[in-house]
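Novice: Okay, here's the structure, questions in a sec.
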Amino acid sequence: MKKKIEGIKGRIFIATLCAAMISFSACASGTGTKATTSNNGSTSTASVKDAGSDNSASASDSSKTDMADAADTNSEKANTDKDGSKDIQKTVNQLRDVQTGDIVADMEITGMGKVTILLFPDQAPKAVENFVQLSKQGYYDGVTFHRVIEDFMLQGGDPTGTGRGGESVFGGAFEDEISADLFPVNGSLCMANSGKNTNGSQFFIVTCKDVVSYSQLEQVAQSYKTNYGIDIDYSKMSKQCRNNYASVGGAYWLYCQHTVFGQVVEGMDIIEAADSVETDSNDKPVNDLVIEKITIRTV
Numbered sequence: 470m471k472k473k474i475e476g477i478k479g480r481i482f483i484a485t486l487c488a489a490m491i492s493f494s495a496c497a498s499g500t501g502t503k504a505t506t507s508n509n510g511s512t513s514t515a516s517v518k519d520a521g522s523d524n525s526a527s528a529s530d531s532s533k534t535d536m537a538d539a540a541d542t543n544s545e546k547a548n549t550d551k552d553g554s555k556d557i558q559k560t561v562n563q564l565r566d567v568q569t570g571d572i573v574a575d576m577e578i579t580g581m582g583k584v585t586i587l588l589f590p591d592q593a594p595k596a597v598e599n600f601v602q603l604s605k606q607g608y609y610d611g612v613t614f615h616r617v618i619e620d621f622m623l624q625g626g627d628p629t630g631t632g633r634g635g636e637s638v639f640g641g642a643f644e645d646e647i648s649a650d651l652f653p654v655n656g657s658l659c660m661a662n663s664g665k666n667t668n669g670s671q672f673f674i675v676t677c678k679d680v681v682s683y684s685q686l687e688q689v690a691q692s693y694k695t696n697y698g699i700d701i702d703y704s705k706m707s708k709q710c711r712n713n714y715a716s717v718g719g720a721y722w723l724y725c726q727h728t729v730f731g732q733v734v735e736g737m738d739i740i741e742a743a744d745s746v747e748t749d750s751n752d753k754p755v756n757d758l759v760i761e762k763i764t765i766r767t768v
């Protein structure tokens with residue numbers, strides 16, 4: 470398993486650094502790939518190669534300084550992108566403590582324990598409403614984490630357990646909600662999708678701790694745009710967002726591609742234990758990893 474996900478940890482496009490692009494067909498051959506989360510049962514990949522540095526765990530001093538000093542280009546108003554996804558700008562510290570009035574979700578994982586997740590309704594109103602209402606309806610009760618990739622993420626929320634099912638509380642797919650302050654950092658709760666604005670019931674919890682400098686993020690964005698036509702606009706990140714990423718790391722290549730709507734505040738040790746369970750060749754846990762129940766409460 471460690472070898473299988475080796476290409477998911479701490480990678481930067483060597484093609485960018487050397488100004489030599491690698492084709493998607495080469496990436497699909499196996500080594501040096503980054504996975505993305507899909508709600509249609511497939512695993513999308515983008516070619517990435519090791520630039521020679523170990524970027525897992527905490528950031529280097531230079532990376533932290535680079536992220537903190539990067540210009541804060543955060544807009545003060547909400548915008549809607551051309552593709553219909555909402556670009557929501559409302560200040561919040563993703564890694565803050567729970568406060569009175571906050572909405573949290575208590576997720577019971579059978580045989581492991583309870584995980585508490587702080588939700589962000591101001592930054593991702595539809596994603597939070599969807600998750601809250603489905604949870605209250607018992608939609609997720611007994612549903613498994615059908616896909617687990619160590620040091621990347623745990624994906625669940627599909628009643629069929631195949632990665633191809635599930636429906637939103639709205640009856641159809643809904644739009645992405647991208648916030649300047651929320652990033653797919655370690656411990657974040659995000660919507661799984663099969664492309665822009667295709668959110669349903671599936672979600673994932675990030676377990677990646679990779680940290681790279683802001684200048685490297687810009688290089689990653691350029692490579693994704695050139696090679697795969699995927700737009701990752703790191704300039705949307707607020708200074709707080711950059712500081713949070715530099716502090717705990719995350720799945721940086723998923724920014725602007727998935728809605729972030731929550732953050733684990735208690736029970737990260739349980740998530741890490743779940744992250745290391747044995748899986749088969751399709752990343753499905755050998756022994757079912759079951760969400761017993763999700764309880765929504767206001768603090």
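The sequence shown begins at 470 in my numbering and counts up by one. Glycine included, every Cβ here is placed at the ideal spot set by N, Cα and C.
Could you check which residue in Gly718, Gly570, Thr764 and Asp738 has the C-alpha nearest to that of glycine 655?
Specialist: Rather than glycine, the amino acid found at residue 655 in this sequence is asparagine. Closest by alpha carbon: Gly718.
Novice: For glycine 740, collect the residues of the same chain with a Cβ closer than 8 Å to its Cβ; drop the 5 residues on either side in sequence, then sort them by chain order.
Specialist: According to the sequence provided, residue 740 is isoleucine. The question's glycine does not apply to it. Closer than 8 Å at the Cβ level, and outside the excluded window around isoleucine 740, lie Val584, Leu623, Gly656, Ile674, Thr676 and Val733.
Novice: Assign arginine 565 to buried or exposed, taking buried as 16 or more other Cβ atoms, counted over all protein chains shown, within 10 Å of its Cβ.
Specialist: Burial call: exposed.
Novice: Please confirm whether valine 759 and isoleucine 578 have their CB atoms less than 8 Å apart.
Specialist: Yes, Cβ-Cβ distance for valine 759 and isoleucine 578 is below 8 Å.
Novice: Assign isoleucine 699 to one of three DSSP states: helix, strand, or coil.
Specialist: Looking at isoleucine 699 - three-state DSSP - the assignment turns out to be coil, as it is neither helix nor strand.
Novice: What whole-angstrom Cβ distance do leucine 603 and serine 663 have, given they're in contact under 8 Å?
Specialist: Not really, about 18 Å apart at Cβ, beyond 8 Å.
Novice: Can the beta-carbon of phenylalanine 652 be found less than 8 Å from the beta-carbon of phenylalanine 600?
Specialist: Not in contact: phenylalanine 652 and phenylalanine 600 (Cβ atoms no closer than 8 Å).
Novice: Report the residue ranges of all beta strand (DSSP E) runs contained in full by the stretch 556-619; include only those spanning at least 3 residues, in chain order.
Specialist: Runs of the beta strand (DSSP E) inside the stretch 556-619: 572-578, 582-588 and 612-618.
Novice: Can a CB atom of chain B be found closer than 8 Å to the CB of methionine 581?
Specialist: Among the chains of the structure shown, chain B does not appear; only one protein chain is present.
Novice: Is the Cβ-Cβ distance between valine 768 and valine 597 less than 8 Å?
Specialist: No; because the gap between Cβ atoms is not below 8 Å, this pair is not in contact.
Novice: Write down the C-beta distance between glutamine 726 and isoleucine 765 rounded to the nearest angstrom, noting that I regard them as a contact closer than 8 Å.
Specialist: Their Cβ separation, rounded to whole angstroms, is 26 Å, which puts glutamine 726 and isoleucine 765 out of contact at 8 Å.
Novice: Helix, strand or coil, according to DSSP, for valine 654 in the structure here?
Specialist: It is a strand residue.
Novice: Starting from the C-beta of arginine 616, find all residues in its chain whose C-beta is less than 7 Å away, skip the five residues before and the five after it, and write them out in chain order.
Specialist: For arginine 616, where only same-chain residues beyond five positions count, the Cβ hits under 7 Å are Gln624, Gly632, Asp752 and Lys753.
Novice: Please look up how many angstroms separate the CB atoms of valine 573 and cysteine 659, rounded, as I've assumed it's under 8 Å.
Specialist: About 17 Å separates the two Cβ atoms, so there is no contact after all.
Novice: Within 10 angstroms of the Cβ of phenylalanine 639, are there 16 or more other Cβ atoms? Answer buried if so, exposed if not.
Specialist: Result: exposed.
Novice: How far does the alpha helix (DSSP H) with methionine 622 in it reach, from first residue to last?
Specialist: First-last for methionine 622: 622-625, but that is the beta strand (DSSP E), not the alpha helix (DSSP H).
Novice: Please classify glutamate 747 as buried or exposed, where buried requires at least 16 other C-beta atoms within 10 Å of its C-beta.
Specialist: By the 10 Å Cβ count, glutamate 747 comes out exposed.
Novice: Apply the 10 Å Cβ neighbour rule to valine 681 and answer buried if 16 or more other Cβ atoms are within range, or exposed otherwise.
Specialist: That one is buried.
Novice: So, is aspartate 620 buried or exposed, given that buried needs 16 or more other C-beta atoms within 10 angstroms?
Specialist: Classification of aspartate 620: buried, given that the 10 Å Cβ count is 16 or more.
Novice: So if DSSP puts methionine 660 in a beta bridge, which residue, or which two residues, is it bridged to?
Specialist: Beta-bridge pairing links methionine 660 to Phe672.
Novice: Grab me the residues of leucine 723's own chain with a C-beta within less than 6 Å of its C-beta, minus the 5 sequence neighbours each way, in chain order.
Specialist: Closer than 6 Å at Cβ, skipping near neighbours: Pro653.
Novice: When the Cα atoms are used, what is the spatial distance from glutamate 761 to asparagine 508?
Specialist: Taking the straight line joining both Cα atoms gives about 21 Å.
Novice: Grab me the residues of glycine 630's own chain with a C-beta within less than 6 Å of its C-beta, minus the 5 sequence neighbours each way, in chain order.
Specialist: Thr613 and His615.
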